[in-house]
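Taken in sequence, the protein lines are chains A and B.
Under my numbering, the first residue of the first sequence carries the number 1, and numbering increases by one thereafter.
Under my numbering, the first residue of the second sequence carries the number 1001, and numbering increases by one thereafter.
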Amino acid sequence: MPKALKAGEIFSKGIWDENPVFRQILGICSALAVTNLMLNTFVMSVSLIFVTAMSNVTVSLLRHYTPARIRMMIQVLVIASYVIIVDIVLKAYLPEVSKQLGPYVGLIITNCIIMGRCEGFARSNPVWPSFLDGVANGLGYALVLLVVAFFRELLGFGALFGVRVMPEGFTQWTIMVMAPAAFFVLGIFIWIVYSFAPKEEKA
Amino acid sequence: METGLSASTILFAAIFTNNILLTNFLGMCSFLAISREVKSALGLGMAVTFVMTCTAGLNYLVYYKLLLPFDLAHFRFIIFIIVIAAFVQLVEMVVERYSPLLYVVLGVFLPLITVNCAILGVALFMIIRDYTFVQCVAYGFGGGLGWTLAIVALGGIREKIRKAPIPKGLEGPGITLIVTGLMALSFMGFSGMIQMQ
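Next comes the structure, spelled out in structure tokens:
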């Protein structure tokens, strides 16, 4: 069935072949900032999947009515609206996480992944594929972030999702939850991925 | 919260101990893309500093004089980004009109600045930390300088390592991230310099 194949293609592209973080090198700011705790990373990932998918849908719905010259402004407004919704929901239901994430929820607006998908896909594709594309890219982002956060929280706090996992005598690698380690872990992750699955051409 | 801090403390903190890029991870996308040589890094850095300082002040005024009195604080994300985009557009028009030379040098960077998360990030951080107007402008200026420092340093390093034997998998984003991490590590050495409660 052609439709199902296309959906599978969209997913494999968004999650692996054209992964927004390690292939397109987008969305790095938040990838580094929130990954010191898995819970925060999880919430951030869900938020991003929601905003990307819904923005894609909205931009796709409006694609025949949006004048070309102001389309970026329209996209930014659409994205910003969904981010406001996410921000309010988080403040109401997960105030602790919201406070720890701080401005990074608002910074989803400037996350290049979403703008990239709206501009590169949703603008010229129907609604359902755009929705799938948004979800797929969001999942690709989530994949990378959760792996990075897994190592950072495990080694930095000896815990996962706040639950102590490492044995009693384990000395915490405090550096892991501080800024430099974020760069190192992501860099090493990219190194491993590129070594086993190199890009055909340099983007 | 931190209203007791002087503007100069905030300025130096934003450059060294709480570097907007190395500590708060803001502005990474253009950082990774542009930092290949010192000249373009410096150009982008100066443009970012200018926009960051001015929009910090502008957004402060918009937030406290317009949004809060009308109970529209929820819309700050949209309003801030509109202010930033409008300001960049204005700067682009003014520069193009009055200094074609400067436009040739800086013009290509200006669209990049609008989506630079550092600029929106500065606006959001300063609201969260309850800064006064002077503190906001100092934070914007310091943030810009700190970002410029990081991107120029990285540009210099990337120029030097162009001939170095880097493992195949690390070329490109991998080595850039590791180098930036080492820079962040060394900036941590500044942490005793300034006391921020």
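Glycine included, every Cβ here is placed at the ideal spot set by N, Cα and C.
No experiment lies behind these values; they were computed from the predicted model shown.
Inset, instruction - Can you tell me which of the three DSSP states B:L1021 falls into? - result: Locating residue 1021 of chain B in the second sequence gives position 21, where the first residue counts as 1. B:L1021: coil per DSSP, three-state reduction.
Inset, instruction - Output yes if chain B places a C-beta closer than 9 Å to the C-beta of A:S55; else output no. - result: Position 55 of the first sequence, counted from the start, is the residue given in the question as residue 55 of chain A. Answer no: the Cβ-Cβ gap between A:S55 and chain B never drops below 9 Å.
Inset, instruction - Identify whether A:R63 lies in helix, strand or coil by the three-state DSSP scheme. - result: Residue mapping note: residue 63 of chain A aligns to position 63 of the first sequence, counting from 1. Three-state result, A:R63: coil.
Inset, instruction - Inspect the beta-carbon positions of B:V1038 and B:E1171 and report whether they are closer than 9 Å. - result: Numbered from its first residue, the second sequence carries residue 1038 of chain B at position 38. Numbered from its first residue, the second sequence carries residue 1171 of chain B at position 171. Not closer than 9 Å, so no.
Legend entry - Inter-stretch contact at 8 Å, needing at least 3 Cβ pairs: the segment 141 to 152 of chain A / the segment 32 to 42 of chain A: The segment 141 to 152 of chain A and the segment 32 to 42 of chain A touch, with no fewer than 3 CB-CB distances between them shorter than 8 Å.
Inset, instruction - Find the nearest neighbour of A:I190 within the set A:I10, A:N19, A:V135, A:V46, judged by alpha-carbon distance. - result: Here residue 190 of chain A refers to the residue found at position 190 when the first sequence is read from its first residue. Comparing Cα-Cα distances from A:I190 to each of A:I10, A:N19, A:V135, A:V46, the minimum goes to A:N19.
Legend entry - Of the listed residues B:I1081, B:L1026, B:G1181, nearest to A:I74 (C-alpha basis): Counting from one through the first sequence, the residue named residue 74 of chain A turns up at place 74. Closest by alpha carbon: B:I1081.
Legend entry - Partners in chain A for B:P1165, counting only beta-carbon separations shorter than 7 Å: Here residue 1165 of chain B refers to the residue found at position 165 of the second sequence. Ordered by position in chain A, no residue passes the 7 Å Cβ test against B:P1165, which lies about 15 Å from the chain.
Inset, instruction - Going by DSSP, name the residue or residues bridged to A:R164. - result: By one-based count along the first sequence, residue 164 of chain A stands at place 164. Paired residue(s): A:A159.
Inset, instruction - Report the option in A:A197, A:V89, A:L26, A:A181 whose CA atom is closest to the CA atom of A:F50. - result: Within the first sequence, numbered from 1, the residue matching residue 50 of chain A stands at position 50. When each option's Cα is compared against that of A:F50, the closest is A:V89.
Inset, instruction - Could you please give the first and the last residue of the uninterrupted alpha helix (DSSP H) stretch that includes B:A1007? - result: Taking the second sequence and counting its residues from 1, one reaches residue 1007 of chain B at position 7. Annotation for B:A1007: the continuous alpha helix (DSSP H) segment containing it runs 1007 to 1012.
Inset, instruction - Quick one: residues in its chain with C-beta nearer than 6 Å to the C-beta of A:G138, no 5 flanking neighbours on either side, listed in chain order? - result: Working through the first sequence from its first residue, we reach residue 138 of chain A at position 138. The residues are L48, I49, T52.
Legend entry - B:D1071 - DSSP class collapsed to helix/strand/coil: Here residue 1071 of chain B refers to the residue found at position 71 when the second sequence is read from its first residue. If DSSP states are grouped into helix, strand and coil, B:D1071 belongs with coil.
Legend entry - Contact with chain B by A:A142, beta-carbon distance below 9 Å: Taking the first sequence and counting its residues from 1, the one referred to as residue 142 of chain A is at position 142. With 9 Å as the cut-off, A:A142 does not count as an interface residue toward chain B.
Inset, instruction - Let me know the secondary structure DSSP gives A:D17 once reduced to three states. - result: For the purposes of this step, residue 17 of chain A is taken as residue 17 along the first sequence, with counting starting at 1. When secondary structure is reduced to three states using DSSP, A:D17 falls in the helix class.
Legend entry - 9 Å Cβ cutoff, B:C1029 in contact with chain A: Here the question's residue 1029 of chain B lines up with position 29 in the second sequence. Chain A, which has a Cβ nearer than 9 Å to the Cβ of B:C1029, makes this yes.
Inset, instruction - Just tell me which of A:I10, A:D17, A:A7, A:S124 has its CA closest to the CA of A:Y194. - result: The residue given as residue 194 of chain A occupies position 194 in the first sequence. Minimum Cα distance to A:Y194 is reached at A:D17.
Inset, instruction - Determine the extent of the alpha helix (DSSP H) in which B:Y1060 is found, giving its start and end residues. - result: Here residue 1060 of chain B is taken as the residue at index 60 of the second sequence, counted from 1. From DSSP, the alpha helix (DSSP H) with B:Y1060 extends over 1038 to 1061.
Legend entry - A:W191: first and last residue of the uninterrupted alpha helix (DSSP H) it sits in: For the purposes of this step, residue 191 of chain A is taken as the residue at position 191 of the first sequence. Unbroken alpha helix (DSSP H) run through A:W191: 179 to 196.
Inset, instruction - Helix, strand or coil for A:W173, going by three-state DSSP, please let me know. - result: The residue given as residue 173 of chain A occupies position 173 in the first sequence. The answer is coil: DSSP assigns A:W173 none of H, G, I, E or B.
Inset, instruction - Measure from the C-beta of B:K1168 to each C-beta in chain A and report whether the shortest distance is under 9 Å. - result: Taking the second sequence and counting its residues from 1, the one referred to as residue 1168 of chain B is at position 168. Chain A, which has a Cβ nearer than 9 Å to the Cβ of B:K1168, makes this yes.
Inset, instruction - Note the first and the last residue of the continuous alpha helix (DSSP H) segment covering A:G8. - result: On the first sequence, residue 8 of chain A is found 8 positions in, with the first residue counted as 1. From DSSP, the alpha helix (DSSP H) with A:G8 extends over 2 to 12.
Legend entry - Residues within the segment 71 to 88 of chain A neighbouring chain B, beta-carbon criterion of under 8 Å: Listed by position along the chain: M73, V76, L77, A80, S81, V83, I84, D87, I88.
Legend entry - Same chain only: Cβ atoms within 8 Å of B:T1176, ignoring 5 sequence neighbours per side: For the purposes of this step, residue 1176 of chain B is taken as the residue at position 176 of the second sequence. Residues L1032, S1035, L1154, R1158 of the same chain have their beta carbon placed closer than 8 Å to that of B:T1176, with the five preceding and five following residues left out of the count.
Legend entry - Nearest residue (CA-CA) to B:A1123, options A:P103, A:F131, A:G140: For the purposes of this step, residue 1123 of chain B is taken as residue 123 along the second sequence, with counting starting at 1. Nearest C-alpha to B:A1123: A:P103.
Inset, instruction - Determine the chain B residues that contact A:T41 at a beta-carbon separation under 7 Å, and present them in chain order. - result: Start at 1 with the first residue of the first sequence, and residue 41 of chain A comes out as number 41. The contacting residues do not exist; A:T41 stays about 14 Å from chain B at best.
Legend entry - Same chain, Cβ closer than 6 Å to A:M166, five either side skipped, listed in chain order: Taking the first residue of the first sequence as 1, we reach residue 166 of chain A at position 166. Taking A:M166 as the centre and dropping the five residues before and after it, the same chain places the C-beta of G158 closer than 6 Å to its C-beta, in chain order.
Legend entry - Pairwise C-alpha distance: A:F42 and B:N1024: One-based indexing of the second sequence puts residue 1024 of chain B at position 24. One-based indexing of the first sequence puts residue 42 of chain A at position 42. So the two alpha carbons sit approximately 19 Å from each other.
Legend entry - Whole-angstrom distance between B:C1117 and B:G1027, CA atom to CA atom: As a first step, residue 1027 of chain B is located in the second sequence; it is residue number 27 there, counting from the start. As a first step, residue 1117 of chain B is located in the second sequence; it is residue number 117 there, counting from the start. Roughly 5 Å between the two C-alpha positions.
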